[in-house]
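The structure under discussion appears below in the form of structure tokens.
In the working numbering, the protein residues as written are 1210 to 1343.
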């Protein structure tokens, strides 16, 4: 029971983090556009600012699911945290009756050297598309 509550709390926090990061990215992009329009910023400075925004882990998506058929509540999840080039990581928490396991897999250009589960691929695709949940 305690593991169920912990997994649910982690999933909710991951969704809130995804939404918060998406909001912050929008603010940063608007501010950058304002700076480019209103000040005599040089092309090199603008490129550097854009590169910094794209390098941030700003594309986040969470997929919740039931890892086992006899479990309810969609307590397992995969969360993709990517930058503008699709680089980053996927965090997965598999919740079972007696235990939970957590995995982290690196992602480069939307792909991983480690085989991604369907849920992890779904999270990566949603993050690359800019959708916080899939």
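The beta-carbon is built from N, C-alpha and C at its ideal position, and this holds for glycine as well. Fair warning: this is a prediction, and the values are worked out from it, not measured in the lab.
query, result
"Between the C-alpha atoms of residue 1294 and residue 1287, what's the straight-line distance to the nearest angstrom?", "19 angstroms"
"Thinking just about the alpha-carbon of each residue, which of 1338, 1241 and 1257 is nearest to the one in residue 1291?", "1338"
"Enumerated in chain order, which unbroken segments of the beta strand (DSSP E) with a length of 3 residues or greater are wholly contained in the segment 1269-1338?", "1285-1291, 1297-1304 and 1309-1316"
"Which stretch, first to last residue, makes up the alpha helix (DSSP H) that contains residue 1264?", "1252-1264"
"Quick check: the Cα distance between residue 1244 and residue 1236, rounded to an integer number of angstroms?", "12 angstroms"
"Apply the 10 Å Cβ neighbour rule to residue 1221 and answer buried if 16 or more other Cβ atoms are within range, or exposed otherwise.", "exposed"
"Excluding five sequence neighbours on each side, which residues of the same chain lie with their C-beta closer than 8 angstroms to the C-beta of residue 1296?", "1316, 1317 and 1318"
"What are the uninterrupted segments assigned as beta strand (DSSP E) that are 3 or more residues long and contained completely in the segment 1228-1252, given in chain order?", "none"
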